[in-house]
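Visitor:
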Amino acid sequence: MPDIVAHVQASLDRIDDLDSTINAFVTVDREGALRAAKHVDPKALLAGLTIGVKDNLDVAGLPCSYGSELFADRVAAQDGTAIAQLRAGGAVIIGKTMLTELACGTTGTATPRGDTINPWAHDRMTGGSSSGSAAAVASGMVDAAIGSDTSCSIRLPAAHCGIVGLKPTYDRISRLGLSVCASSLDHIGPLARSVATVAQMLKVMQGAGHDDPTTESPTQSTGSGSEYFRASFSMNASRTYGCDSTRLSSYSGRWVQRSPNWTWERFLDPM
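Take the position in the sequence shown, starting the count at 1, then add 363; the result is the number in my numbering.
1. Going by DSSP in three states, L565 sits in which element: helix, strand or coil?
2. Looking at the unbroken alpha helix (DSSP H) that takes in H523, where does it start and where does it end?
3. Would you call the CB atoms of V403 and G411 closer than 8 Å?
4. So, is Q441 buried or exposed, given that buried needs 16 or more other C-beta atoms within 10 angstroms?
5. Going by C-alpha to C-alpha distance, which of S516, S502 and L408 sits closest to G491?
6. For P520 versus S557, is the C-beta distance shorter than 8 Å?
7. Compare the Cα-Cα distances from A562 to each of L409, T577, K401 and G443 and report the closest residue.
8. For L420, I'd like the list of residues in its chain whose CB is within less than 8 Å of its CB, leaving aside the five on either flank, ordered along the chain.
9. Touching or not, the stretch 475 to 490 and the stretch 447 to 456, by the rule of three or more beta carbon pairs under 8 Å?
10. Identify which residue in A498, G503 and S502 has its Cα closest to the Cα of R518.
11. Assuming contact is defined by CB atoms lying nearer than 8 Å, are A507 and L554 in contact in what I supplied?
12. Measure the alpha-carbon distance for G415 versus V391 and round it to whole angstroms.
13. Given a threshold of 16 other Cβ atoms within 10 Å of its Cβ, counted over all protein chains shown, does G525 qualify as buried or as exposed?
14. Tell me V391's beta-bridge partners as DSSP assigns them.
15. Once you ignore the five residues that flank G528 on each side, which residues in its own chain have a CB closer than 6 Å to its CB?
16. Is the separation between the beta-carbon of R538 and that of D575 shorter than 8 Å?
17. When you compare only the Cα positions, how much space is there between M568 and Q448?
18. Does T532 pass the burial test, meaning 16 or more other C-beta atoms within 10 Å, or should it be called exposed?
19. Could you check which residue in D376, G424, K417 and A399 has the C-alpha nearest to that of G471?
20. Determine the extent of the beta strand (DSSP E) in which D512 is found, giving its start and end residues.
21. Whose C-beta lies closer than 7 Å to the C-beta of L381 among residues of the same chain, with five residues either side of it excluded?
22. Hey, could you find the ends of the alpha helix (DSSP H) T444 is sitting in?
23. Could you have a look at G495 and say whether DSSP puts it in helix, strand or coil?
24. Helix, strand or coil for A410 per DSSP?
25. Can you look up A399 in the DSSP assignment and give me helix, strand or coil?
26. Figure out for me which residue from G495, V389, R393 and S383 has the closest Cα to the Cα of H370.
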């Protein structure tokens, strides 16, 4: 990225322009973001990537209220592990994003700080509970965001807002610094406008299980080639668009077999 400071400033300017309507952010760390941008290694994997963080994950020096007035005065003493890893990977933390109170809800509405608005249709809900993270990414206020998912809180708002959201495997990302909703079900995960960005974020955040006994070092990396590829194929898509057997076979799969009235699909799972 040729000018990381300018890119971060553009993100802050877009927040100024849009967030009075979208209501995606609880806290914007302008000074901290611009200061961090000056020290980013331009060769880092996530160099200059602007990030919004759901307000139930600790970012050092910033309020972390869990979306509730009960914790309005709480300030995080240190970064959660996932945040520290993002910083080390070159990402710039812009601020904290809205969520359904205590991360318990699926709409992104009726929170103590008001509703978060879907950037694509202001009369539609964003989904929750990672509502602000999804809306901030979809509106272009940040490049990507961090959410948490206990039942559907990353995936649902990502779907509602037309972006990519990933609930990683349970032991992939350390949960140190995340408020507990249900310990055996809580996940931290990335949201972005492309699968490639989500994959890069996962690569940076995964592992580092020394501070979280439920986190293990990954056994494989993302983007490792076809031996790690899983595929599914829609029956409707096979009827409508056909199936390229050459491409599927390159992923150790078997192509769709069709009969006049039904579609039978089977893929070998190489994992």
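Here a beta-carbon is modelled for each residue, glycine too, at the ideal position from N, C-alpha and C.
Guide: Based on what the coordinates show:
1. On the sequence shown, position 202 is the one that residue 565 refers to. Of the three classes helix, strand and coil, the one that applies to L565 here is helix, per DSSP.
2. Here residue 523 refers to the residue found at position 160 of the sequence shown. Taken as a continuous stretch (DSSP letters only), the alpha helix (DSSP H) holding H523 covers R518 to C524.
3. Sequence index remark: in the sequence shown, residue 403 carries index 40 (1-based). Sequence index remark: in the sequence shown, residue 411 carries index 48 (1-based). Contact: yes.
4. Residue 441 sits at position 78 when you count from the first residue of the sequence shown. With fewer than 16 other Cβ atoms within 10 Å, it is exposed.
5. Along the sequence shown, read from residue 1 onward, the residue named residue 491 stands at position 128. Closest by alpha carbon: S516.
6. What you label residue 520 is simply residue 157 of the sequence shown in a count that begins at 1. What you label residue 557 is simply residue 194 of the sequence shown in a count that begins at 1. Not in contact: P520 and S557 (Cβ atoms no closer than 8 Å).
7. If you number the sequence shown from 1, residue 562 lands on position 199. Nearest option by C-alpha distance: L409.
8. Position 57 of the sequence shown, counting from 1, holds the residue named residue 420. Answer for L420: C427, G443, A445, I446, I509, S511, G540, L541, S542 and I551, listed in chain order.
9. no
10. One-based indexing of the sequence shown puts residue 518 at position 155. The shortest Cα separation from R518 among A498, G503 and S502 belongs to A498.
11. Taking the sequence shown and counting its residues from 1, one reaches residue 507 at position 144. Taking the sequence shown and counting its residues from 1, one reaches residue 554 at position 191. A contact, by the Cβ cut-off of 8 Å.
12. As a first step, residue 415 is located in the sequence shown; it is residue number 52 there, counting from the start. As a first step, residue 391 is located in the sequence shown; it is residue number 28 there, counting from the start. C-alpha separation (whole angstroms): 9 Å.
13. Reading the sequence shown from its first residue, position 162 is the one you call residue 525. Per the 10 Å Cβ criterion, exposed.
14. In the sequence shown, the residue the question calls residue 391 occupies position 28. Looking at the DSSP assignment, V391 forms a beta bridge with G458.
15. Translated into the one-based positions of the sequence shown, residue 528 becomes position 165. The residues are I517, R518, A521 and L554.
16. On the sequence shown, position 175 is the one that residue 538 refers to. On the sequence shown, position 212 is the one that residue 575 refers to. Yes; because the gap between Cβ atoms is below 8 Å, this pair is in contact.
17. As a working mapping, residue 568 is identified with position 205 in the sequence shown. As a working mapping, residue 448 is identified with position 85 in the sequence shown. Each residue's Cα considered, the two are about 6 Å apart.
18. Position 169 of the sequence shown, counted from the start, is the residue given in the question as residue 532. Burial call: exposed.
19. The residue labelled residue 471 in the question sits at position 108 within the sequence shown. Of the candidates D376, G424, K417 and A399, the one whose C-alpha sits nearest the C-alpha of G471 is K417.
20. Looking up residue 512 in the sequence shown gives position 149. Unbroken beta strand (DSSP E) run through D512: A507 to D512.
21. Numbered from 1 along the sequence shown, position 18 holds the residue referred to as residue 381. Excluding residues within five positions, the ones whose Cβ falls inside 7 Å are S502 and M504.
22. Your numbering for residue 444 matches position 81 in the sequence shown. Where T444 is concerned, the enclosing alpha helix (DSSP H) stretches over T444 to A451.
23. Translated into the one-based positions of the sequence shown, residue 495 becomes position 132. G495: helix per DSSP, three-state reduction.
24. The residue labelled residue 410 in the question sits at position 47 within the sequence shown. A410 falls in the coil class under three-state DSSP.
25. What you label residue 399 is simply residue 36 of the sequence shown in a count that begins at 1. In this structure, A399 counts as helix in the three-state DSSP scheme.
26. Walking along the sequence shown from the start, residue 370 turns up at place 7. Minimum Cα distance to H370 is reached at R393.
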